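Inspection log for the structure reproduced underneath, given as structure tokens.
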Amino acid sequence: LQEALTLNAYELRKFFRAGDHVKVINGRYEGDTGLIVRVEDNLVILLSDLTMHEVCYMTSLAGTFISWEKRCDIDIDL
């Protein structure tokens, strides 16, 4: 692209994949970091760096993560 795109927030989607390293930014596990080990239908399963236990999140809460990956895939509804 040669020029900036203007998008509405509802047009953006974040997709998490196994292997993404993320940080939880709110909720019960706020501040926890870990590796996404599985994404199943409505769940994201995270292996916590701190406890080495798997933690499950509903995808409706997926916005509570910040991805540390340099690549960020988005789905734009045009």
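Numbering follows the UniProt record's numbering, with no gaps: position 77 of the sequence shown is 77.
Just so you know, even glycine gets a beta-carbon here, dropped at the ideal spot from N, CA and C.
A quick note: this is a predicted structure, and the numbers were derived from the prediction, not measured.
- Counted as a single uninterrupted DSSP element, the beta strand (DSSP E) harbouring residue 33 occupies residues 33-40.
- Taking C-beta separations shorter than 7 Å and ignoring five residues to either side along the sequence, the partners of residue 29 in its chain run 55, following chain order.
- Distances from the CA of residue 25 to each of 33, 16, 7 were compared; the closest alpha carbon is that of 33.
- For residue 46, same chain residues with a beta-carbon under 6 Å away, outside a window of 5 residues either side, are 34, 36, 55 in chain order.
- According to the DSSP assignment, residue 14 belongs to no beta strand (DSSP E), since it is labelled neither H nor E.
- DSSP lists 43 as the bridge partner or partners of residue 58.
- Bridge partners of residue 21 according to DSSP: 35.
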